[in-house]
Structures are given as structure tokens and as C-alpha cells.
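Numbering (our numbering), first residue to last: 98 to 451.
No residue lacks a Cβ here, since even glycine has one placed at the ideal position from N, Cα and C.
All of these numbers come straight from a predicted model, not from anything done at the bench.
Let me begin by presenting the structure, written as C-alpha cells, before commenting on it.
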Ligand SMILES: Nc1nc2c(ncn2[C@@H]2O[C@H](COP(=O)(O)OP(=O)(O)OP(=O)(O)O)[C@@H](O)[C@H]2O)c(=O)[nH]1
Ligand SMILES: [Mg+2]
């Protein structure tokens, strides 16, 4: 957890509502009001109950959050979305635009929220620009297409006392096609296997982060798959991560910037690339573990031939056993690698807290 005194030493950024350095961090106050004991710091990823906190604390916390909204040609959605954000009680809003060619800017500016142009490429560039330009202790990220419900941000607030990164897990049954849902499932499962985590909905575009942590994350390598890289970097930084359920609806209008299959493929490639760079032992041992599949095939076929026809296929048995040994070795290395990773995370967490 980032310490309070570090907050006031933030060097970059523009404050909203009050000047930088004057902002009080209410986390200790919230922590004192939480009914539950903070859960073990040894569990970086946990699904928690949303605790009940007093209304005036919620109001104070809302002022501590800047809502960063990346936009690229979202004139049909952004106006209504900003009104919803304000109606939900969040007054610090920063729209980071990717040089929209439509009327996005004209719609944003009269609504009294900040509008800046992004540096860097893609949505990742927009988010990095946004994180550098805020001075509140927390940042909320939300797409500018209207697919997320701003009042859901209140669900994140009680967890801010105990977690550095809170991911919104979408209730997407009605607003997402089966193909999209399947793709999200594959990407989330692969990510969790490769990183040894249990995070729901890796691709969700709504989350809240400790602003200091957000600025420390370097997610410039994969500009088109920002969500995975941000959460991967947070995992690697041993941030305490949790998730809360949120709503998901169809975009208000305009065009999606992503193509289902192309984006799905990109997301998977990013997962493997991140794992290859940051967790190579786990990745390669995971791949070796996959050798169990051909092992089962060869041994199963040899057994079938033997039982059904009385034929003994020595070649298949040998191939099956070789794959089995390879897979068993892979499995052992994978287990040791993930144990080492867990120990490393605990040590890093302990270091961050001291
Ligand atoms: N500033 C900026 N915003 C971007 C860029 N690419 C996408 N966005 C915004 O990021 C958000 C997510 O983009 P979407 O096109 O909705 O992508 P998606 O949510 O994966 O796709 P859908 O499921 O079709 O909504 C939207 O608010 C976009 O306007 C970019 O290069 N720069
Ligand atoms: Mg969208």
C-alpha cells in the first residue's frame, strides 16, 4: 500500500477541485469504519464482500477519485456519459482524447470537465497520459462509449482501504455476444494460468487503481491491449488486487474500435508475450505440461488396441511414455515456479508495506 506521505509528494499532474498537496487521504478513516478485518496480505487476489461504509465517507472518497475516460470518436456517447458520471457524484473527470475527428471535443468542453489530448499510441497511450495528469489519490478508468454504468464506481470505494487495484467484473449476459463472452473467457483463463492468479474479467474496461501505483506501471509495449498489460504489470508489481461485480451494457452509439477475432488474437498474443517476458519459467513449464495431452492420446490408443484387438503397439507406448515423462517434468517445474513466484510476491508486498 502506498503511504500517505508519498501521496503529497506527487510531482506531476493537475489537481481538480483543490490544489495538489492539499488533498487529504481518507483511507485510514475508511479502514477504521470497515466492519471486516483486512484480509490476509498474503492473498494478492481475492474476491471480497462489498463492505458498507457511511454515506459521508463515500462522498469524501468520491472527491478522491479522478475518472479517466479515453475517447476516440465517441460523440454519440460521451455527453450522456459525462452527465451520468456527474450525477453519480464524481466531479473530477478527465477525458483523454485520441485526436477524435468527430465532435467529441465540442461535446466535452462545455460540460466543465477536463479534456486533454493523449501522448503515445492507442488506448494504452491515453491511459498513461491520464495517469500522469491527475493529482487525486485514486484513479477510476471507464470507457467513453457508455458501456459501463458510472454509479457502479461506488462499489469500488470500500475496497480502496485494503486493495491497490480493483477490477470491475462485468455482468455481460445480455449485452455481449456469445463469441465475445467465449473470447473473454479464454483470455481471462489463459492469463490466470500464465500468471498464477485468479482475476475475473481481464478485459474489463472499468477499474479503480491507487494513483501512485498507476503511475508506476509501464504498459507501453502493447498499446492495443491496454487492459491486460495494466493488470499484468500490477500483478508483477505485487499490487493487492480484488474485483467487484459491475453492470455492462451496449455502447450508446458510434463504432467499436475493435474487431472481435483480430482483437481476441491480439489479446492472447499479449498474454503469452507478457508471460514470456516476466514469467518465463512458468510459461515454458506450462507448455511442457501440455505434453500430457499427446501422452494420453498415444497411451489411450495403445491400450484400446491391446484390449480390443490384442495388438501391442510398442511404438505408441514408447511415444506416450516419453510425452508423459516430459509432461510430468513440466508439471513439477511449473509447480516450483509458481511457488517461487508466490514467495517473491509475498516478499515484495511485505517490502511495500514496511
Ligand atoms: N484516447 C483513445 N481512446 C481510445 C483509443 N482506442 C479506443 N479508445 C477508447 O477506448 C474505449 C474502448 O474502446 P471500444 O472501441 O469501445 O473497444 P471495446 O470496448 O473493446 O469494444 P466494444 O466491445 O465494441 O465496445 C472507448 O471509449 C474508445 O473510444 C485510442 O487510440 N485513444
Ligand atoms: Mg466498448
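| Own chain residues within Cβ distance below 7 angstroms of residue 399, not counting five before or after | Here the set comprises 410, 413, 414, 417.
| query | Helix, strand or coil for residue 261 per DSSP? | reply | It is coil, neither helix nor strand.
| Same chain, Cβ closer than 7 angstroms to residue 269, five either side skipped, listed in chain order | Closer than 7 angstroms at the Cβ level, and outside the excluded window around residue 269, lie 278, 345.
| message | For residue 169 and residue 157, what's the separation of their Cα atoms in angstroms? | response | 31 angstroms
| field | Selected residue, minimal CA-CA separation from residue 252, among 380, 343, 160, 235 | value | Ranking the options by Cα distance to residue 252, first place goes to 343.
| Roughly how many angstroms separate the alpha carbons of residue 364 and residue 330, rounded to a whole number? | 15 angstroms
| field | Residues of its chain near residue 161, where Cβ-Cβ distance is below 6 angstroms and the 5 sequence neighbours each way are ignored | value | 233, 234, 235
| said: Using only the alpha-carbon positions, how far apart do residue 146 and residue 338 sit? | reply: Confidence in residue 146 is poor, its pLDDT being 47 and thus under 50, which makes the residue's placement too unreliable to answer from.
| task | Classify residue 406 as buried or exposed, calling it buried when 16 or more other Cβ atoms lie within 10 Å of its own Cβ. | result | exposed
| said: By the three-class DSSP mapping on this structure, what secondary structure does residue 144 have? | reply: Residue confidence is low: residue 144 scores 43 on pLDDT, short of 50, so the model does not pin down where it sits. Its coordinate-derived value is still stated next. Strand at residue 144.
| message | Starting from residue 382, trace the alpha helix (DSSP H) in both directions and tell me its first and last residue. | response | 377-386
| field | Check: residue 244 C-beta below 6 angstroms from any heavy atom of ligand 2 | value | Yes.
| Cβ of residue 193 versus every heavy atom of ligand 1: is any distance shorter than 6 angstroms? | yes
| field | Cut-off 6 angstroms between Cβ atoms - residues of its own chain near residue 142, not counting five sequence neighbours on either side | value | Only weak support is given to the placement of residue 142: the predicted model assigns it a pLDDT of 36, under 50, and the value that follows is read from those uncertain coordinates. The beta carbon of residue 142 sits closer than 6 angstroms to those of 294, 295, 296, 338, all from its chain and outside the five residues before and after it, given in chain order.
| task | Taking only heavy atoms of ligand 2 into account, decide whether any of them is closer than 6 angstroms to the Cβ of residue 240. | result | yes
| Grouping DSSP H, G and I as helix and E and B as strand, with all else coil, what is residue 370? | helix
| query | Which of the three DSSP states, helix, strand or coil, is assigned to residue 344? | reply | strand
| Inter-stretch contact (C-beta, 8 angstroms, three-pair minimum) for the segment 419-431 and the segment 368-386 | yes
| query | Which residues mark the beginning and the end of the beta strand (DSSP E) in which residue 153 is found? | reply | Residue 153 -> not in any beta strand (DSSP E); alpha helix (DSSP H) instead, spanning 152-160.
| field | Proximity of residue 392 and residue 424 at Cβ, strictly below 7 angstroms | value | The answer is yes: Cβ separation under 7 angstroms.
| query | Excluding sequence positions up to five away, which residues of its chain have a Cβ less than 6 angstroms from the Cβ of residue 186? | reply | 159
| query | Would you say residue 276 faces chain E, with C-beta separation under 7 angstroms as the test? | reply | The displayed structure is made up of one protein chain only, and chain E is not part of it.
| request: Apply the 10 Å Cβ neighbour rule to residue 197 and answer buried if 16 or more other Cβ atoms are within range, or exposed otherwise. | output: buried
| residue 359 to residue 182 span [Cα, whole Å] | Cα to Cα, residue 359 sits roughly 31 angstroms from residue 182.
| query | Within 6 angstroms: the Cβ of residue 348 and any heavy atom of ligand 2? | reply | Yes, the Cβ of residue 348 comes within 6 angstroms of a heavy atom of ligand 2.
| query | Cα-Cα, which of 275, 239, 226 is closest to residue 217? | reply | Ranked by Cα distance from residue 217, the first of 275, 239, 226 is 226.
| In three-state terms, what does DSSP make of residue 321? | The answer is coil: DSSP assigns residue 321 none of H, G, I, E or B.
| request: Could you have a look at residue 133 and say whether DSSP puts it in helix, strand or coil? | output: Residue confidence is low: residue 133 scores 47 on pLDDT, short of 50, so the model does not pin down where it sits. Its coordinate-derived value is still stated next. In the three-state scheme derived from DSSP, where H, G and I count as helix and E and B as strand, residue 133 is classed as coil.
| What do you reckon, is the C-beta of residue 318 under 6 angstroms from a heavy atom of ligand 1? | no
| Per DSSP, what kind of secondary structure is residue 273 in: helix, strand or coil? | coil
| task | Examine ligand 1 and report whether any of its heavy atoms sits within less than 6 angstroms of the Cβ of residue 330. | result | Remark: the shortest separation between the CB of residue 330 and any heavy atom of ligand 1 does not fall under 6 angstroms.
| field | Validate contact between the segment 201-221 and the segment 256-267 using beta carbons, cut 8 angstroms, 3 pairs | value | no
| query | Is residue 450 near ligand 1, in the sense that its beta carbon is under 6 angstroms from a heavy atom of that ligand? | reply | no
| Distance CB(residue 349)-CB(residue 388) smaller than 7 angstroms | Contact: no.
| Rounded to a whole number of angstroms, what is the C-alpha to C-alpha distance between residue 447 and residue 341? | Residue 447 and residue 341 have their C-alpha atoms spaced approximately 25 angstroms apart.
| task | Determine which residues share a DSSP beta bridge with residue 268 and list them. | result | BP columns for residue 268 point to 344.
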